[in-house]
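Note sheet for the following structure.
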Amino acid sequence: MSNFFDTTNRERFGQLVSVTGIVVNILLSGAKFFVGIMSGAISIIADAFNNLSDASTSLVMLMGFRFAAKPADEEHPFGYGRAEYLSGLFIATSMIVVGGELLIESVEKIINPAEMDAGLFTMFVMGLSVAGKFLLGLFYRYAARKINSEAIGAAALDSFTDCLASGVVILSIVLWIKFDINIDGVAGMVVSAVILRGGLSSLKEILTPIIGGRADPELLDGIKKIVTDAPEVLGVHDVIVHNYGVKKFFVSMHVEMPATLSLLAAHEIIDRLERKLQSTFEISVTLHIDPVVQGDAAFDEHRALAEKILSELGAGLTLHDFRVVPYKSGRKLIFDVAVPENFPLNDRELRREFQRRLIALHADDRAIIRLDHQYC
Numbered sequence: 191m192s193n194f195f196d197t198t199n200r201e202r203f204g205q206l207v208s209v210t211g212i213v214v215n216i217l218l219s220g221a222k223f224f225v226g227i228m229s230g231a232i233s234i235i236a237d238a239f240n241n242l243s244d245a246s247t248s249l250v251m252l253m254g255f256r257f258a259a260k261p262a263d264e265e266h267p268f269g270y271g272r273a274e275y276l277s278g279l280f281i282a283t284s285m286i287v288v289g290g291e292l293l294i295e296s297v298e299k300i301i302n303p304a305e306m307d308a309g310l311f312t313m314f315v316m317g318l319s320v321a322g323k324f325l326l327g328l329f330y331r332y333a334a335r336k337i338n339s340e341a342i343g344a345a346a347l348d349s350f351t352d353c354l355a356s357g358v359v360i361l362s363i364v365l366w367i368k369f370d371i372n373i374d375g376v377a378g379m380v381v382s383a384v385i386l387r388g389g390l391s392s393l394k395e396i397l398t399p400i401i402g403g404r405a406d407p408e409l410l411d412g413i414k415k416i417v418t419d420a421p422e423v424l425g426v427h428d429v430i431v432h433n434y435g436v437k438k439f440f441v442s443m444h445v446e447m448p449a450t451l452s453l454l455a456a457h458e459i460i461d462r463l464e465r466k467l468q469s470t471f472e473i474s475v476t477l478h479i480d481p482v483v484q485g486d487a488a489f490d491e492h493r494a495l496a497e498k499i500l501s502e503l504g505a506g507l508t509l510h511d512f513r514v515v516p517y518k519s520g521r522k523l524i525f526d527v528a529v530p531e532n533f534p535l536n537d538r539e540l541r542r543e544f545q546r547r548l549i550a551l552h553a554d555d556r557a558i559i560r561l562d563h564q565y566c
């Protein structure tokens with residue numbers, strides 16, 4: 191039987207974290223609703239709604255972990271790992287909606303202020319709320335780092351912002367009790383602003399893996415090192431990492447090897463590297479062989495010419511998959527060019543300018559260029 195508390199069982203631990211969030215937030219919400227209604231403080235009622243929203247988002251997070259744990263099927267061959275990102279998106283969106291609604295109510299409270307009936311019991315409940323939310327936030331943060339969860343990370347940020355919001359509510363109660371100063375509406379606005387800020391921050395973080403962000407540099411460097419450490423490998427390029435959920439990566443890469451290697455020998459090396467990468471990083475890998483001609487003076491001369499023209503066109507341009515084939519009375523230079531980000535020339539301009547410079551040096555030569563933009 192699997193251990194529910196074992197962090198190596200990612201989905202089960204994620205479900206445990208979600209259930210903890212549901213229970214804690216429902217208890218806090220109920221207590222705040224009670225003292226908020228009794229005292230007539232809009233800021234406390236707003237805080238109670240915020241906790242109730244947190245409970246519902248924890249429920250969505252629970253469903254996300256359950257869904258993400260489903261195995262791949264015919265309709266979803268890459269599994270359901272991205273469902274967890276959707277639960278994080280729901281959490282962030284809910285924070286923004288709740289924050290917006292509370293902001294409107296708080297402004298109305300400023301325009302039409304009402305008496306509060308808050309006392310020491312109210313302060314005691316709010317103090318317990320801050321302590322509970324802070325401990326929950328610490329637990330969320332630990333869990334998010336332990337199992338690398340964007341959704342739980344968003345919930346951790348939400349919990350810490352709730353502590354600040356509740357602190358402002360406590361301040362408003364103190365001012366009312368001690369100095370008869372009513373800043374309930376202002377406190378509600380601060381609470382809503384904190385919630386909105388946290389929601390927007392979480393939304394920005396969670397959208398990156400959904401839309402498609404760059405691969406983790408540490409993972410990328412580790413993959414490249416294993417491949418390039420093989421003595422037969424001359425270099426790598428066209429590395430693409432697809433993410434279908436946490437720890438569900440699909441990687442493809444072009445591997446440069448001497449053209450003198452037999453197909454069987456090259457295949458054996460590639461197969462060995464794929465197995466090593468899969469066992470080391472628990473990823474799915476496809477490696478493509480690119481043969482590189484070595485020791486051919488004419489070939490080296492044409493490659494050096496192409497590299498020289500590229501260096502004149504701008505910094506950062508590199509070529510690979512270079513081939514030379516006969517073309518009428520001249521030659522065709524066929525190759526790929528890796529284009530860095532924010533390169534001043536667009537694809538059409540780059541091809542045209544290279545062709546112009548090549549023809550100026552060798553009138554009978556032509557170039558066929560495929561441009562690669564970096565994904566990692």
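Mind the numbering: the sequence shown is residues 191 to 566 in this note's numbering, read in order.
From the three backbone atoms N, C-alpha and C, an ideal C-beta is built for every residue, glycine too.
What you are looking at is a predicted structure, and each value in this text was computed from that prediction instead of being measured.
Pair within 8 Å by beta-carbon distance, residue i and residue j
| i | j | result |
| --- | --- | --- |
| Leu507 | Val527 | yes |
| Leu252 | Ile212 | yes |
| Ser339 | Ser233 | no |
| Gly381 | Leu242 | Per the sequence presented here, residue 381 reads as Val, with Gly not at that position. No; because the gap between Cβ atoms is not below 8 Å, this pair is not in contact. |
| Gly435 | Gly254 | no |
| Asn215 | Ile385 | no |
| Gly278 | Ala341 | yes |
| Arg542 | Ile499 | no |
| Val423 | Met443 | no |
| Gln545 | Ala553 | no |
| Ala344 | Ile286 | no |
| Asp537 | Ala355 | no |
| Val426 | Val441 | no |
| Phe203 | Ile301 | no |
| Ala245 | Ser208 | no |
| Met454 | Leu463 | Here the sequence assigns Leu to residue 454, which means Met is not the residue at that position. Not a contact, by the Cβ cut-off of 8 Å. |
Backbone CA spacing between residue i and residue j [nearest angstrom]
| i | j | result |
| --- | --- | --- |
| Gly271 | Thr398 | 15 Å |
| Trp366 | Glu298 | 19 Å |
| Lys438 | Arg335 | 17 Å |
| Val514 | Arg387 | 57 Å |
| Glu264 | Asn433 | 19 Å |
| Lys518 | Asp555 | 9 Å |
| Pro448 | Glu274 | 43 Å |
| Met313 | Val376 | 18 Å |
| Ile459 | Val483 | 18 Å |
| Gly317 | Phe311 | 10 Å |
| Ala450 | Asp480 | Per the sequence shown, the amino acid found at residue 450 is Thr instead of Ala. Going by the C-alpha atoms only, they are around 12 Å apart. |
| Lys414 | Val431 | 12 Å |
| Thr351 | Ile227 | 23 Å |
| Leu509 | Phe525 | 7 Å |
| Asp307 | Leu328 | 33 Å |
| Asp348 | Pro534 | 41 Å |
| His563 | Leu390 | 30 Å |
| Leu467 | Ile473 | 7 Å |
| Ile281 | Ser392 | 8 Å |
| Ser501 | Gly485 | 23 Å |
| Val358 | Gly378 | 8 Å |
Residues bridged to residue i [DSSP beta-bridge criterion]
| i | result |
| --- | --- |
| Ala557 | Leu523 |
| Tyr517 | Gly520 |
| His478 | His444 |
| Gly425 | Glu446 |
| Ile430 | Ser442 |
| Ala487 | Answer is none; Ala487 lacks a bridge partner. |
| Val529 | His563 |
Reduced DSSP secondary structure (H/G/I, E/B, other) of residue i
| i | result |
| --- | --- |
| His492 | helix |
| Ser362 | helix |
| Asp307 | coil |
| Asp511 | strand |
| Glu472 | coil |
| Arg404 | coil |
| Glu264 | coil |
| Asp370 | coil |
| Asp419 | coil |
Cβ neighbour criterion (16 or more within 10 Å) applied to residue i
| i | result |
| --- | --- |
| Met191 | Below a pLDDT of 50, predicted positions are generally treated as unreliable, and Met191, at 33, falls in that range; the measurement from the model is reported next regardless. Met191 should be labelled exposed. |
| Thr247 | buried |
| Ile294 | exposed |
| Gln205 | buried |
| Ile401 | exposed |
| Arg465 | exposed |
| Arg493 | buried |
| Arg200 | buried |
| Leu326 | buried |
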